[in-house]
């Protein structure tokens with residue numbers, strides 16, 4: 266299974282890296298609009314979002330939309346010592362975030378830490394997804410460990426480019442699925 270995941274990850278990352286900038290921008294805008302229009306996004310009070318890394322879709326307009334609506338926004342910061350994610354409240358992405366662990370943008374040390382229990386909506390990142398809600402991340406297991414700590418009523422939603430949706434993601438029994446997948450062309454609700 267590990268080799269199959271590695272192969273899918275490499276293939277999808279190659280496609281993402283080759284995506285033209287104008288297509289990436291327009292598709293990112295469509296993903297943001299669809300996520301921001303979701304009822305569960307509107308009703309959430311504290312959201313765990315992510316900053317874009319590499320050739321991912323641009324999440325910053327979604328973060329800005331959440332902050333403009335008065336929502337509390339947390340961003341993850343890698344805690345290399347515990348191999349967990351610290352959840353950090355941000356109020357301004359430009360001043361609260363900088364490149365951190367492995368060059369991944371994350372909140373600075375000055376940001377307030379939030380408990381996992383404060384989160385009621387999570388934007389789950391990933392490299393590849395399937396329509397059953399399975400995902401492949403970057404291979405560090407940080408989000409897998411975090412998702413296992415969340416209450417069952419926390420919404421787990423992913424945004425992705427359509428090219429990140431594959432036929433089948435190999436998954437182990439302990440892998441937790443997302444509940445919704447939003448791309449630039451469709452929005453899927455995945456039964457629990």
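Residue numbers (this note's numbering): 266 to 457. Idealized CB from N, CA, C, for every residue including glycine. Computed from a predicted model, the values in this text were never measured in an experiment.
Exercise. Are the region 421-439 and the region 382-393 touching, with three or more C-beta to C-beta distances below 8 angstroms?
Worked result: Touching, per the Cβ criterion.
Problem set entry | Range covered by the alpha helix (DSSP H) that runs through residue 419 | Your numbering for residue 419 matches position 154 in the chain shown. Element bounds for residue 419: n/a, residue is neither H nor E.
For this session: Could you tell me whether the region 371-383 touches the region 324-333, where touching means 3 or more Cβ pairs closer than 8 angstroms?
Result: The region 371-383 and the region 324-333 do not touch, with fewer than 3 CB-CB distances between them shorter than 8 angstroms.
Exercise. Between 397, 434 and 439, which lies nearest to residue 410 when the distance is taken from Cα to Cα?
Worked result: The sequence position of residue 410 within the chain shown is 145, counting from 1. By alpha-carbon distance to residue 410, the top candidate from 397, 434 and 439 is 439.
Exercise. With 16 as the cutoff for other CB atoms within 10 Å, does residue 341 come out buried or exposed?
Worked result: By one-based count along the chain shown, residue 341 stands at place 76. Result: buried.
Problem set entry | Neighbour-count burial assignment, residue 345, 16 or more Cβ in a 10 Å radius | Taking the chain shown and counting its residues from 1, one reaches residue 345 at position 80. The residue is exposed, with fewer than 16 neighbouring Cβ atoms inside 10 Å.
Problem set entry | Per DSSP, cross-strand counterpart(s) of residue 376 | The residue labelled residue 376 in the question sits at position 111 within the chain shown. According to DSSP, residue 376 bridges with nothing at all.
For this session: May I have a chain-ordered list of the alpha helix (DSSP H) segments no shorter than 4 residues that lie completely inside the region 322-352?
Result: Under the rule that a run must span 4 or more residues, the alpha helix (DSSP H) segments found entirely inside the region 322-352 read 325-333.
Exercise. Name the DSSP bridge partner or partners of residue 387?
Worked result: Here residue 387 refers to the residue found at position 122 when the chain shown is read from its first residue. The secondary-structure analysis by DSSP pairs residue 387 across a beta bridge with 313 and 421.
Exercise. Does DSSP classify residue 306 as helix, strand or coil?
Worked result: Taking the first residue of the chain shown as position 1, residue 306 is located at position 41. In this structure, DSSP gives residue 306 a helical state, which the three-state scheme calls helix.
Exercise. Hey, residue 379 and residue 354: beta-carbon distance below 8 angstroms or not?
Worked result: Reading the chain shown from its first residue, position 114 is the one you call residue 379. Reading the chain shown from its first residue, position 89 is the one you call residue 354. In contact: residue 379 and residue 354 (Cβ atoms closer than 8 angstroms).
For this session: Check each candidate in 383, 291 and 437 and name the one with the smallest Cα separation from residue 245.
Result: Lying before the first or after the last residue shown, residue 245 is absent from the chain, which here runs from 266 to 457.
For this session: Might you give, ordered along the chain, the residues of its own chain that have their beta carbon closer than 6 angstroms to the beta carbon of residue 311, omitting 5 neighbours on each side?
Result: Numbered from 1 along the chain shown, position 46 holds the residue referred to as residue 311. The beta carbon of residue 311 lies closer than 6 angstroms to those of 337, 383, 384 and 385 in the same chain, with the five residues before and after it left out.
Exercise. Looking at the unbroken beta strand (DSSP E) that takes in residue 452, where does it start and where does it end?
Worked result: Walking along the chain shown from the start, residue 452 turns up at place 187. From DSSP, the beta strand (DSSP E) with residue 452 extends over 452-454.
Exercise. What residue range is occupied by the uninterrupted beta strand (DSSP E) comprising residue 447?
Worked result: In the chain shown, counting from the first residue as 1, residue 447 sits at position 182. Bounds of the beta strand (DSSP E) holding residue 447 are 445-447.
Exercise. Ordered along the chain, which non-local residues of its own chain (more than five positions away) have a Cβ less than 8 angstroms from that of residue 300?
Worked result: Counted from its first residue, the chain shown places residue 300 at position 35. Once the five neighbours on either side are set aside, the close Cβ partners of residue 300 are 306, 327, 388, 422, 424 and 447.
Exercise. Run through DSSP, which three-state label would residue 401 get?
Worked result: Along the chain shown, one-based indexing puts residue 401 at 136. When secondary structure is reduced to three states using DSSP, residue 401 falls in the strand class.
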